[in-house]
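Student: Chains as they are written, first to last, in the working numbering: chain A, 1 to 580; chain B, 1001 to 1569. My questions will all concern the structure given below.
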């Protein structure tokens, strides 16, 4: 059987220290996927609308999550699930059933949903049946949809930027990349997390606290009609601490810190995490005492992590190739290829093949994307000029090849997504000098103060045409820096907002100490792990808007066990609240 | 996990458990301290502490799809401000002083108290706001029955069961699902098992301390079969007992599951109903019990429906039964009794309801007329006191609900006589046969795999009033029986029960009632187990119409050959 001819097409350069390549042992799951794929495509070979491409993918997910709060273990979840995804194409690569439909027909979108598979291979017929059933269902859907696609060609106007629906690529052949087993000392972690949450909750102002460990092992099996037979995946571990308090004005303030690693054994130890907890309590106290900021327009210094996330939201989502095809998208960069969009000292690329940067494991590392394409470095901007897009196998004008960025979570069609986004500066200044440069800009603009953004919790961006093509990056720790030399002042309740092309042109300097932001990114193809690596960036002008805030008063009674002096003060009705 | 520690402690001294003491201390602190300016006084506070171990198993065609075995702790709170005569409850919307939250699986007194503090604070603020909304929109009439009945404390400590071994349940799920996977026409051959054991503590500001047992094991075997015209047929078998040891032998469940799949496959082969049918219908067994479940039960549950909250989006109000004491709900001579201890080994059997009130045997209907609906401590015009039937989910409003219902006709006739009577009636409609329905499809099973929130599984069934039959049998005067599939009820209303012509032998079974009346449950083991005994009934006139087939759903790709031979042999 062809599918059994396993060979290794991947060079060792592709492999991280955390994975090893090996010939696949007997793999009944891969066998049944390949067998059923071969059988069904053979049966459909003479059908009027025979599929020209089919892939079958299984994601075997094991998940451990331990959470502690108030000094005790709150959850200890272990789940094991398998999900099936079938991508089936009818028509031709130039025009197939996946083509975006416009108008009313657009209601007939890809509604594959999550298809659960047995988590065990015996009896294998249970899996075989489910695979057949899904192949059949997807074929029936595709056969109906291609009719709509063809019809639309004669009814609707020409597309603005027509492009084929699917690109060719060399088959990755067969490869197996062993994913390490999910091994966690849950008892030891439970003790550590409980102690951490105890430390966090010692502060009587704290109304919510969590110390959490999550480890997810995704093992992906992928076969397609082009001869791919892949077994690969990821192991991601995260430890995180969070604590929240309610400010007298109802603002719910949260401090959060996390670290991601490819091996739970690489996560920080108890002592280091205890240090985090102490610092976080101090941060929370500072935020509680901080005033809410006012709307602002002026210079801002972004820390490396904040800059990474800023680029992810503002730049990264706009260079996802598939967005250049949709008639509903804003296509910020579609006509910017070769044009300068960033400061000339900035280079941006996305490289999922990198597993670590600056001593930190990268969340966005993978070997193959969810279309079975090998991960590749994709150049996005060079010396400030925009040069390319993140590509799946959905071509766009001028970019007809995948660069291994077709990603999804189970149950959704893959689209081009970020992996590890690197922002690099060819010219840097010492990071320690950036504060002074910030103040210089503040004075030049005649402002009383500027801002340093230390931490952001994520954000969102709108890339469509109907809504403003704007971004909102949610700051969680920012400091007001006064031009007259007053002490720095923490401020809360502001978000960075703006439009992308303007924001990028305002980057004026980069520090020399890049940092890593690890996270999970949600978009139309689900949640995928991502990283952004960037140096601190000084921006000449950014706008801040007031963040939404909670409307509930702090708890009426003090926390149980809190004494009158150490606990939260009772808030009297009819006042604006206040703690003592 | 607190089950074991709690059980051991309570066995020795039922009312002095450290966690419950901690909860009681927090209740006391909240009762004395929670005030806000001009807000109405907090007059009643109740907590539900839920402490169970849960096992969930799902298997398909002989292989495990999901399995979990976890402790689950949770807290529910009910805050009442104002007075029993007029408080924040019984008004539409959802931020009404009732709330719930999960609790740490390793419970400590501190974590329990802190979570209780936060939850109560939130619920209290909601209650105060809800009270204001109610005052602003609702002018209580003089005969307004009020919202609550103060009864004094209830002190109860029932024995608490412990969770069973998951291994036999996993094996059962595998084997029973394998037995149903006859061939590719069986689209789903799945078994869902839910098992939970533990306790539910109820404590309140009147001094109630009630420890109530939670013991439920539900096995649901589910089959979907695709008929040649694409019509989807579904069926299920439900076993609902207290503990895994109370289940029938595994071989029996496996054989029953397999027989169900075989029967449904046979149904798929017969011709569908091709024209509407109007005439008498004999409901037997499961179908008869379901008839009373859907049409009678909502008329017996007496907690008043919420007063609508008028918002810019329209009225917000919980759906509820249309209950009126003195209304005829069944033919003359019929009686309805809810006796929560009638089947004492069934998980629906309770000696105290979820408010800690001793359950009562209630003669709900006498001579076919509703006399005493099932009540919680929420009064209504005619009945001010609870009769011990409060049930509901954690954080839900507790309502008077059915527990163990017996529907008794004026007299039982033999099946033979029912059929003879039915045929005679059918002839009056020009039919040479009587239609017999033996099982209705289960909405939670019909909807499996579908993102459908439409009542009874599809728009064409939305106005049916009853879910579609699994199959029907045409019964002829010469004794011949002919299976028919593909029918749906049309416009069934509650007064159909008054058209019952005759009753046959009774049978008992279980259904899973939704904690929220007015909606169906969405998983095969979800809901509150409810025991019902009811007779077969011949109804004088029912309308059935053909259900639409779905040829688009028929496979285009032939199914794979099973590697281990056809399981149907």
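Think of the CB as a built atom: it goes at the ideal place given N, C-alpha and C, for glycine as much as any other residue. Please read these numbers as outputs of a predicted model, since none were measured by experiment.
1. Check each residue of the region 56-78 of chain A: if its Cβ is closer than 9 Å to any Cβ of chain B, include it; give the result in chain order.
2. So residue 1218 of chain B and residue 1238 of chain B are supposed to be a Cβ contact under 8 Å. How far apart are they, rounded?
3. Return helix, strand or coil for residue 561 of chain A, following the three-state DSSP convention.
4. What residues in the region 1057-1069 of chain B bring their beta carbon closer than 9 Å to a beta carbon of chain A?
5. How would you call residue 1125 of chain B, buried or exposed, if buried means at least 16 neighbouring beta carbons within 10 angstroms?
6. Please name the residue, chosen from A/545, A/358, A/96, that lies closest to residue 451 of chain A on a Cα-to-Cα basis.
7. List the whole-angstrom C-beta distance separating residue 1510 of chain B from residue 1529 of chain B, where the pair is believed to meet the contact cut-off of C-beta under 8 Å.
8. Please list the partners that residue 124 of chain A has in chain B, where partner means a Cβ-to-Cβ separation under 7 Å.
9. Residues in its own chain within less than 8 Å of residue 1549 of chain B by CB, not counting five upstream and five downstream?
10. With residue 1057 of chain B as the anchor, note down where its beta strand (DSSP E) starts and where it stops.
11. Alpha carbon to alpha carbon, how far is residue 1243 of chain B from residue 1561 of chain B? Give it in angstroms, no decimals.
12. Within 10 Å of its beta-carbon, does residue 1155 of chain B have 16 or more other beta-carbons around it, so buried, or fewer, so exposed?
13. Just to check my reading of the structure: residue 495 of chain A and residue 547 of chain A have Cβ atoms closer than 8 Å, yes? What is that Cβ distance to the nearest angstrom?
14. Comparing alpha-carbon positions, which option in A/556, A/285, A/307 lies nearest residue 531 of chain A?
15. Could you check whether the Cβ of residue 441 of chain A sits closer than 9 Å to any Cβ belonging to chain B?
16. Is it true that the region 57-74 of chain A meets the region 135-148 of chain A, where meeting means three or more beta-carbon pairs spaced less than 8 Å apart?
17. From this set, A/501, A/73, A/32, A/79, which residue's C-alpha is nearest residue 1069 of chain B's C-alpha?
18. If you drop the 5 nearest sequence neighbours on each side, which residues of the same chain put their C-beta closer than 8 Å to that of residue 1329 of chain B?
19. Can we say the region 396-410 of chain A touches the region 321-333 of chain A, given the rule of at least three CB pairs closer than 8 Å?
20. In whole angstroms, what is the alpha-carbon distance linking residue 1308 of chain B and residue 1134 of chain B?
21. Using beta carbons (cut-off 9 Å, strictly below), is residue 1559 of chain B in contact with chain A?
22. For residue 1535 of chain B, is the classification buried or exposed, using 16 other Cβ atoms within 10 angstroms of its Cβ as the cut-off for buried?
23. Could you check if residue 1552 of chain B is buried or exposed, using at least 16 other CB atoms within 10 Å of its CB as the buried criterion?
24. Taking only beta-carbon positions, decide if residue 140 of chain A is within less than 9 Å of chain B.
25. Cβ of residue 39 of chain A less than 9 Å from any chain B Cβ?
26. Distance, Cα to Cα, residue 1424 of chain B vs residue 1418 of chain B?
27. Given 8 Å as the limit, is there contact between the region 518-530 of chain A and the region 1079-1086 of chain B, that is, 3 or more CB pairs closer than that?
28. Just to check my reading of the structure: residue 253 of chain A and residue 282 of chain A have Cβ atoms closer than 8 Å, yes? What is that Cβ distance to the nearest angstrom?
29. Under three-state DSSP, which class holds residue 1557 of chain B?
30. Any chance you could list the alpha helix (DSSP H) runs of at least 4 consecutive residues sitting entirely within the region 1466-1550 of chain B, in chain order?
31. Can you look up residue 1361 of chain B in the DSSP assignment and give me helix, strand or coil?
32. Which residue spans inside the region 75-140 of chain A form an unbroken beta strand (DSSP E) run of at least 3?
33. Since residue 1136 of chain B meets chain A, which of its residues come closer than 9 Å, beta carbon to beta carbon?
34. Residues of the region 1016-1027 of chain B in Cβ contact with chain A at a cutoff of 7 Å, in chain order, please.
35. Let me confirm a value: residue 1071 of chain B is counted as buried when at least 16 other C-beta atoms fall within 10 Å, else exposed. Which label applies?
36. Determine the burial state of residue 1117 of chain B: buried for a count of at least 16 other Cβ atoms within 10 Å of its Cβ, exposed for fewer.
Tutor: In terms of the structure at hand:
1. 67, 68, 69, 70, 71, 72, 73, 74, 75, 76, 77, 78
2. For this step, residue 1218 of chain B is matched to residue 218 along the second chain. For this step, residue 1238 of chain B is matched to residue 238 along the second chain. The pair is a contact, with the Cβ atoms about 7 Å apart (cut-off 8 Å).
3. In the first chain, counting from the first residue as 1, residue 561 of chain A sits at position 561. Of the three classes helix, strand and coil, the one that applies to residue 561 of chain A here is coil, per DSSP.
4. 1058, 1059, 1060, 1061, 1062, 1063, 1064, 1065, 1066, 1067, 1068
5. Position 125 of the second chain, counted from the first residue, corresponds to residue 1125 of chain B. Result: buried.
6. Numbered from its first residue, the first chain carries residue 451 of chain A at position 451. If we check each option's Cα against that of residue 451 of chain A, A/545 comes out closest.
7. Reading the second chain from its first residue, position 510 is the one you call residue 1510 of chain B. Reading the second chain from its first residue, position 529 is the one you call residue 1529 of chain B. 6 Å between Cβ atoms; contact.
8. Within the first chain, the letter at position 124 stands for residue 124 of chain A. By Cβ distance, chain B contributes 1563.
9. Looking up residue 1549 of chain B in the second chain gives position 549. Only 1227, 1229, 1230, 1231, 1272, 1486 meet the Cβ criterion.
10. Numbered from 1 along the second chain, position 57 holds the residue referred to as residue 1057 of chain B. Per DSSP, residue 1057 of chain B belongs to the beta strand (DSSP E) from 1042-1060.
11. The residue given as residue 1561 of chain B occupies position 561 in the second chain. The residue given as residue 1243 of chain B occupies position 243 in the second chain. Rounded to the nearest angstrom, the two C-alpha atoms are 38 Å apart.
12. Here residue 1155 of chain B corresponds to residue number 155 of the second chain, with the count starting at 1. By the neighbour-count rule (16 or more Cβ atoms within 10 Å), residue 1155 of chain B is not buried but exposed.
13. Here the question's residue 495 of chain A lines up with position 495 in the first chain. Here the question's residue 547 of chain A lines up with position 547 in the first chain. The Cβ separation is near 5 Å, so the contact holds.
14. Here the question's residue 531 of chain A lines up with position 531 in the first chain. Here the closest residue by C-alpha is A/307.
15. Walking along the first chain from the start, residue 441 of chain A turns up at place 441. So no, residue 441 of chain A is outside the interface.
16. no
17. Counting from one through the second chain, the residue named residue 1069 of chain B turns up at place 69. Ranking the options by Cα distance to residue 1069 of chain B, first place goes to A/79.
18. Taking the second chain and counting its residues from 1, the one referred to as residue 1329 of chain B is at position 329. Answer for residue 1329 of chain B: 1296, 1299, 1300, 1336, 1365, 1368, 1369, 1370, 1494, 1497, 1498, listed in chain order.
19. yes
20. The residue you call residue 1308 of chain B lines up with position 308 of the second chain. The residue you call residue 1134 of chain B lines up with position 134 of the second chain. About 9 Å.
21. Along the second chain, read from residue 1 onward, the residue named residue 1559 of chain B stands at position 559. Yes, residue 1559 of chain B lies at the interface with chain A (some Cβ there is under 9 Å from its Cβ).
22. Locating residue 1535 of chain B in the second chain gives position 535, counting from the first residue. Buried, because 16 or more other Cβ atoms sit within 10 Å of the Cβ of residue 1535 of chain B.
23. Here residue 1552 of chain B is taken as the residue at index 552 of the second chain, counted from 1. With fewer than 16 other Cβ atoms within 10 Å, it is exposed.
24. What you label residue 140 of chain A is simply residue 140 of the first chain in a count that begins at 1. Cβ-Cβ to chain B under 9 Å: yes for residue 140 of chain A.
25. Stepping through the first chain from its first residue, residue 39 of chain A is reached at position 39. Chain B, which has a Cβ nearer than 9 Å to the Cβ of residue 39 of chain A, makes this yes.
26. The residue you call residue 1424 of chain B lines up with position 424 of the second chain. The residue you call residue 1418 of chain B lines up with position 418 of the second chain. Going by the C-alpha atoms only, they are around 10 Å apart.
27. no
28. By 1-based counting over the first chain, the position of residue 253 of chain A is 253. By 1-based counting over the first chain, the position of residue 282 of chain A is 282. The Cβ separation is near 13 Å, so there is no contact.
29. The residue given as residue 1557 of chain B occupies position 557 in the second chain. Here residue 1557 of chain B sits in coil by DSSP.
30. none
31. Position 361 of the second chain, counting from 1, holds the residue named residue 1361 of chain B. Reduced to three states, the DSSP call for residue 1361 of chain B is coil.
32. 115-117
33. Here residue 1136 of chain B is taken as the residue at index 136 of the second chain, counted from 1. By Cβ distance, chain A contributes nothing, its closest Cβ being about 19 Å from residue 1136 of chain B, past 9 Å.
34. 1026
35. Counting from one through the second chain, the residue named residue 1071 of chain B turns up at place 71. Residue 1071 of chain B should be labelled buried.
36. For this step, residue 1117 of chain B is matched to residue 117 along the second chain. Residue 1117 of chain B should be labelled buried.
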